[in-house]
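The next block holds one structure in the form of structure tokens; read it before the comments.
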Amino acid sequence: MISQRTKERLIAWWEHKELDRPCIMAYTPKYGAVWPEAPAPDDYWLKPDLLAGQVFQRARNLRYLGEAQPYLYIDYGACAVGLQMGAKGHWRSLETIWTDPCVDSADQVAGLHPGGEWKRIQDAAIARALELGKGRAMLSSYCLGAAADTTAALMGTENLLCAMMDDPDAVKRAFEAVKRETIALFERLVCECEAQDTLLSGWHAIWAPGPSTPIQEDFSYMIGPGMFDEFCLPHIRDMVDAVPYSFYHLDGIQALSHLPSLLKIPNLKVIQWQPGEGHSDILQWTEVIERILKGGKSCQVYVKASEVDELIKRVGKDGMLLIVSGTEQELKVLEEKYQLESNLM
């Protein structure tokens, strides 16, 4: 469904080459959209066909502007892999699923593998989404997370922080084991998508010429650059090498101390800067964006429609992809000014 011109623009963005305009993605409800009735939370999380069907219906109700393309996000939370490896899930609504630890030590984490009921549920939801979206939408799979994030979900954040000081070798064994499982899950998802003639995009939902998934370490918000480089960076490098179109989710102002290390990863193509709650005014972060661009990486940010022109005036168009929110009228003005394509599923 994607046009040749949009493909060319996004390829140029992924490869950090010159653009004719910034890449822009936005979503609005299509005319006549009928939204599905909200199910009970227990049904939503535990019945994979229901979740996939709800996601599919929501996707059909959107108009996709600019570089945005139809996608199905099978969202089981940031610790979806942790659930597969034994973490305990709980929820109160359809918005978020939370996890509680299932083991006490890093050595126990190293012996865990994806399996059980949550893996069955997530696999079934993926299979149903691929069936519904074949040839019509990209697959935005459950979040694959990262070594530290998944380990924290399995043994508890406080326990992990203490173990990094008291038993660093055990933590490194746990991170290595979780990384291997994560890469194996990514490779399986790629094969499943290829079998259904569908592209794996991860939750960022950005089209690429090949498979992509976000790489992240939200846990890194709580540690300094030294510990990040020792414990997390080796596994991030391996994930980058395993993902053809690598995209790093840098989340929160405390995580900015890790940006110099991320910029030194040769194969990392994109860094998303997500300032975090209370710091979302993107115009205060132009220096950070410029550091990313000057470091040879493309950048993705979330912006309000009213910020687009000023942001591009300050940082330029090359290497920039903006996911934009705004009123219907604001997005219409943006659509006309930047000559954005409009797609439906």
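Numbering follows our numbering, with no gaps: position 165 of the sequence shown is 230.
Here a beta-carbon is modelled for each residue, glycine too, at the ideal position from N, C-alpha and C.
The criterion of a C-beta distance shorter than 8 Å is satisfied by residue 332 and residue 305. With a threshold of 16 other beta carbon atoms within 10 Å, residue 88 meets it and is buried. Residue environment: residue 394 is assigned as exposed (fewer than 16 neighbouring CB atoms within 10 Å of its CB, all protein chains considered). By the C-beta density criterion, residue 409 is exposed, having fewer than 16 other C-beta atoms within 10 angstroms. Residue 148 has its alpha-carbon roughly 22 Å from the corresponding atom of residue 256.
Secondary-structure assignment with DSSP links residue 93 through a beta bridge to 128.
The stretch 287–301 makes contact with the stretch 221–238; the number of CB pairs closer than 8 Å reaches 3 or more.
With contacts defined as CB atoms closer than 8 Å, residue 90 and residue 133 qualify as a contacting pair. Between residue 328 and residue 362 the beta-carbon gap is near 7 Å, inside 8 Å, which marks them as a contact. An exposed status is given to residue 165, since fewer than 16 other beta-carbon atoms sit within 10 Å of its beta-carbon.
DSSP, read as helix, strand or coil, puts residue 323 in helix. At the C-beta level, residue 276 and residue 310 come within 8 Å of one another. The three-state secondary structure of residue 337, taken from DSSP, is strand. Annotation for residue 236: 171, 216, 225, 228, 229 and 296 place their beta carbon closer than 8 Å to its own, counting only its chain and skipping 5 residues before and after.
By the CB criterion at 8 Å, residue 187 and residue 145 fall inside the cutoff. Contact between the stretch 259–271 and the stretch 195–208 is established, with three or more Cβ pairs separated by less than 8 Å.
The C-alpha of residue 85 lies about 8 Å from the C-alpha of residue 74. Under the criterion of beta carbons closer than 8 Å, residue 300 and residue 334 do not qualify as touching, at roughly 18 Å.
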